[in-house]
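Reading through the structure tokens given below for one structure.
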Amino acid sequence: MATVLITGANRGLGLEFCRQYAEAGWRVLACCRNPEHAADLRGLASRQGAVSLHRLEVDHFDQIDALSQELAGQSIDVLLNNAGIYGGSKQNRFGSLDYQLWTKVFRVNVQAPLKMAEAFLPHVERSSRKLIVAITSLMGSVSDNTSGGSILYRSSKAALNAAMKSLSIDLRGRGVGVLLLHPGWVRTDMGGSSAPTLPAESIAGMRRVIEAYGPQHSGRFLNFKGEELPW
Ligand SMILES: NC(=O)c1ccc[n+]([C@@H]2O[C@H](COP(=O)([O-])OP(=O)(O)OC[C@H]3O[C@@H](n4cnc5c(N)ncnc54)[C@H](OP(=O)(O)O)[C@@H]3O)[C@@H](O)[C@H]2O)c1
């Protein structure tokens, strides 16, 4: 049975990833900050025996190390770094930038996925698929940026892209792949109610991209339709 570990699994894209992977017969390690308040996820776990809940606040690196140890000896086919924050609209705007929050956005969106990769590399190496996925954003593309703004968020996703690109090269010799996936503009708490894409469609698309993954794809920046995006 293939195994996926998902961060930010209690709502939005993370929850839909859990639903679809569980439905497809995968073992799902669903990580979230507050399992006791994650009603939808708990409901899913009670219906699908292969879903287990794990407490994980990704910017608390001691929790990442503890979970890695708790799962020592297990294999993880796909390490899915999904948890992310935007940082608030006013705080993202030039003239009212929130520098303390910017540090937090970097910790959650950039450093945590790299810390996850370091902590769970043994689990991924032990698996048959050997894939690390980071949910990034087209807003992290420097060449696609024509509308400005969103300075905290854009800079964090651009940094995530740069760091994961390096990781894809660093891990090549160990047979571990890295994918950067943009989910589209999706109707979640972060995407808002005007977003044109529903979570079910976005996740089905990203699962297809993950399914089609081969070592030649490592280090690519793709959208949920599998299309190459500009850096
Ligand atoms: N929706 C879009 O249009 C869109 C577009 C491009 C990229 N993305 C990316 O897709 C990913 C998922 O976004 P979404 O739309 O599902 O967002 P969302 O609805 O706001 O959900 C964010 C998830 O991340 C979790 N999270 C935030 N900070 C965390 C932390 N410190 N530790 C652990 N979990 C944390 C949240 O948990 P809590 O419930 O505990 O806060 C929640 O589960 C993000 O990386 C986002 O940047 C989204």
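Residue numbers for the sequence shown follow our numbering, beginning at 2 and rising by one.
Cβ atoms here follow ideal geometry from the backbone N, Cα and C, with glycine treated the same way.
Other residues of its chain near residue i: CB distance less than 8 angstroms, five sequence neighbours each side excluded
{"i": "Gln64", "result": "Arg56, Leu57, Glu58"}
{"i": "Asp145", "result": "Leu139, Leu230, Pro231"}
{"i": "Gly150", "result": "Asn93, Arg94, Phe95"}
{"i": "Tyr214", "result": "Arg130, Leu132, Gly178, Leu180"}
{"i": "Asp60", "result": "Lys105, Arg108, Val109, Gln112, Ala113"}
Residue i CB to nearest heavy atom of ligand 1 below 8 angstroms
{"i": "Tyr87", "result": "yes"}
{"i": "Leu16", "result": "yes"}
{"i": "Leu57", "result": "yes"}
{"i": "Ser138", "result": "yes"}
{"i": "Asn83", "result": "yes"}
{"i": "Val109", "result": "yes"}
{"i": "Asn162", "result": "no"}
{"i": "His183", "result": "yes"}
{"i": "Met191", "result": "yes"}
{"i": "Asn11", "result": "yes"}
{"i": "Asp63", "result": "no"}
{"i": "Cys19", "result": "no"}
{"i": "Arg66", "result": "This sequence places Asp at residue 66; Arg is not what is there. Checking the Cβ of Asp66 against ligand 1 gives no."}
{"i": "Arg34", "result": "yes"}
{"i": "Ile104", "result": "Correcting the residue type first, residue 104 is Thr in the shown sequence and not Ile. Thr104: no, Cβ never under 8 angstroms from ligand 1."}
{"i": "Gly8", "result": "Just to set this straight, residue 8 is Thr in the shown sequence, not Gly. Yes, the beta carbon of Thr8 sits closer than 8 angstroms to at least one heavy atom of ligand 1."}
{"i": "Trp27", "result": "no"}
{"i": "Val187", "result": "yes"}
{"i": "Ala196", "result": "yes"}
{"i": "Lys158", "result": "yes"}
{"i": "Ala113", "result": "yes"}
{"i": "Asp41", "result": "no"}
Nearest to residue i (by Cα), restricted to the options the options
{"i": "Trp186", "options": "Lys226, His124, Gly174", "result": "Lys226"}
{"i": "Asp78", "options": "Ser128, Ile170, Leu161", "result": "Ser128"}
{"i": "Thr137", "options": "Gly176, Asn224, Arg28", "result": "Asn224"}
{"i": "Arg108", "options": "Lys158, Gly150, Ser69", "result": "Lys158"}
{"i": "Ala120", "options": "Arg28, Gly192, Ala10, Asn82", "result": "Asn82"}
{"i": "Asp190", "options": "Ala113, Phe222, Ile86", "result": "Ile86"}
{"i": "Arg43", "options": "Gly89, Ile133, Leu16, Ile204", "result": "Leu16"}
{"i": "Ser97", "options": "Pro197, Ile152, Thr104, Val210", "result": "Ile152"}
{"i": "Pro36", "options": "Thr8, Asp99, Thr104, Gly89", "result": "Thr8"}
{"i": "Met207", "options": "Ala113, Glu228, Gln217, Gly193", "result": "Glu228"}
{"i": "Pro184", "options": "Leu199, Ala118, Gly89, Gln112", "result": "Leu199"}
{"i": "Glu212", "options": "Gln49, Asn11, Ile133", "result": "Ile133"}
{"i": "Ser69", "options": "Leu172, Leu6, His218", "result": "Leu6"}
{"i": "Gln217", "options": "Val111, Glu126, Gly174, Gly26", "result": "Gly174"}
{"i": "Asp66", "options": "Tyr154, Ala205, Ala113", "result": "Ala113"}
{"i": "Gly26", "options": "Leu172, Lys105, Gly50", "result": "Gly50"}
{"i": "Gly236", "options": "Ser148, Asp41, Arg28, Lys105", "result": "Residue 236 lies beyond the residue range present for the chain, which begins at 2 and ends at 232; the question has no answer from this structure."}
{"i": "Gly192", "options": "Met117, Ser142, Trp103, Gly88", "result": "Gly88"}
{"i": "Asp118", "options": "Val29, Ser156, Ala205, Leu172", "result": "Here residue 118 turns out to be Ala, not Asp, going by the sequence shown. Minimum Cα distance to Ala118 is reached at Leu172."}
Residues of its chain near residue i, where Cβ-Cβ distance is below 7 angstroms and the 5 sequence neighbours each way are ignored
{"i": "Leu45", "result": "Cys19, Arg20, Ala23, Val52"}
{"i": "Gly220", "result": "Lys166, Ser169, Ile170, Val179"}
{"i": "Arg130", "result": "Ala3, Asp78, Val79"}
{"i": "His124", "result": "Leu72, Gln75, Ser76, Ile77"}
{"i": "Ala201", "result": "Glu17"}
{"i": "Pro197", "result": "Trp186"}
Cβ-based neighbour list, residue i, same chain, cut-off 6 angstroms, excluding 5 preceding and 5 following
{"i": "Leu115", "result": "Ala164"}
{"i": "Gly176", "result": "Lys131"}
{"i": "Leu181", "result": "Ala135, Thr137, Asn162, Met165, Phe222"}
{"i": "Cys33", "result": "Ala10, Asn11, Ala39"}
- Item | Unbroken stretches of the beta strand (DSSP E), 3 residues or longer, contained in the region 87-172 | 132-136
- Starting from the N-terminal side, write out each stretch of the beta strand (DSSP E) that is 3 residues or longer and does not extend beyond the region 13-37. 28-33
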